[in-house]
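Here's the structure we're looking at; comments come further down.
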Amino acid sequence: MYSGNYNFNLDNSVVFGLEREDEQMNYNEDLTGDKIRDAYVTSSYFDFQSRVTKNIYATFGSRFDEHSLSGNEDSHRATLAYLFDDKSTKLKSSYGTGFRFPSLYEIYYVDGVHKSIYAENSKSFDFGIEKSFLDLGLSIDASYFNLKYYDTLEAWNTSSWLVKNLPGTVKSQGLELVSKWKKSD
């Protein structure tokens, strides 16, 4: 893993990096002895961070992953936030794409051979407000989120467990509420 940060000036910077993740599974698929299966993912990423004006903050980032068995995927994310002059209220939002590669278990479980399955993909957005009441020691955060998954993995077959990508869209949305209260010093 390598991670770096470069500051162009006080208001603009970039975070960047490279990673490699290795996964290994040891299992006895047919009672003839243990089999070892493995895979790896190499990744690179960057995230530009900027204070656009006195009160507006923005980021834009991308990640590029290469899976040794399931192909290449990339994801992107943009965020925007407005911090009011009193520094106690913030409006925030984000939009992004994502993915989840299949695990070794999902790839090899059914027949013990590599299956033609690929990553799930997703798109999401959220927006919210954070408010601090310093005199009360209270902060509140309320956010709405909306997430859609495509090509989801896993399914039941009539006679056994069958791992595959399914057509259609899985949707998740909701409201997240977080509060913190510090009773006293």
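If you're matching positions, the sequence shown starts at 1098 in my numbering and goes up one per residue.
Glycine residues also receive a C-beta, built at the ideal position from the N, C-alpha and C atoms.
Residue closest to residue i, alpha-carbon to alpha-carbon, out of the options
i            : options                : result
residue 1140 : 1100, 1204, 1133       : 1100
residue 1156 : 1169, 1173, 1164       : 1173
residue 1180 : 1138, 1229, 1162       : 1229
residue 1106 : 1145, 1098, 1118, 1163 : 1145
residue 1260 : 1248, 1131, 1278       : 1248
residue 1138 : 1151, 1117, 1147, 1148 : 1117
residue 1164 : 1264, 1119, 1282       : 1119
residue 1278 : 1098, 1104, 1233       : 1233
Distance between residue j and residue i (C-alpha atoms, nearest Å)
i            : j            : result
residue 1227 : residue 1213 : 44 Å
residue 1231 : residue 1186 : 11 Å
residue 1323 : residue 1159 : This structure does not reach residue 1323, given that the chain is present from 1098 up to 1282, and the question cannot be answered.
residue 1177 : residue 1154 : 6 Å
residue 1272 : residue 1188 : 15 Å
residue 1235 : residue 1150 : 27 Å
residue 1115 : residue 1147 : 22 Å
residue 1280 : residue 1131 : 57 Å
residue 1282 : residue 1098 : 40 Å
residue 1266 : residue 1184 : 39 Å
Own chain residues within Cβ distance below 6 Å of residue i, not counting five before or after
i            : result
residue 1221 : 1193, 1244
residue 1195 : 1172, 1219
Residue i classed as buried or exposed, judged by whether at least 16 other C-beta atoms fall within 10 angstroms
i            : result
residue 1199 : buried
residue 1167 : buried
residue 1170 : buried
residue 1250 : buried
residue 1219 : buried
residue 1124 : exposed
C-beta neighbour in chain B for residue i, strict 9 Å
i            : result
residue 1188 : Checking the listed chains, one finds no chain B in this structure; it contains a single protein chain.
Cutoff 8 Å; reference residue i; Cβ partners in own chain excluding five residues on either side
i            : result
residue 1122 : 1133, 1134, 1135, 1201, 1202, 1205
Whether residue i touches residue j by CB criterion (9 Å)
i            : j            : result
residue 1216 : residue 1197 : yes
residue 1090 : residue 1190 : The chain is shown from 1098 up to 1282; residue 1090 falls before or after that span and cannot be answered.
residue 1161 : residue 1112 : no
residue 1108 : residue 1152 : no
residue 1246 : residue 1270 : no
residue 1263 : residue 1238 : no
Residues of its chain near residue i, where Cβ-Cβ distance is below 7 Å and the 5 sequence neighbours each way are ignored
i            : result
residue 1102 : 1110, 1112
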